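To keep things clear, I will list the structure first and then write my remarks on it.
Residue numbers (the UniProt record's numbering): 1 to 62.
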């Protein structure tokens, strides 16, 4: 079973890489989506941000 420390370390690594990749996406592509039934880049970023906030708020209640 994965430890809390391992999970947090993995999360931090993924977050760092994701933020690095996001900085090179030109603003005009934020609303781009591969087709009409898929999320845009902006949708995915908002989803990741709201998920992160949800996990942070859950952690603060303990």
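Heads up, the beta-carbon is just placed ideally off N, CA and C, and yes, glycines get one too.
Quick caveat: nothing in here was measured; it's all calculated off a predicted structure.
Under the three-state DSSP convention, the category residue i falls into
{"i": "residue 46", "result": "helix"}
{"i": "residue 55", "result": "helix"}
{"i": "residue 24", "result": "coil"}
{"i": "residue 38", "result": "coil"}
CB contact flag (residue i, residue j, <9 Å)
{"i": "residue 44", "j": "residue 29", "result": "no"}
Closest by C-alpha distance to residue i, when choosing among the options
{"i": "residue 16", "options": "58, 49, 33", "result": "49"}
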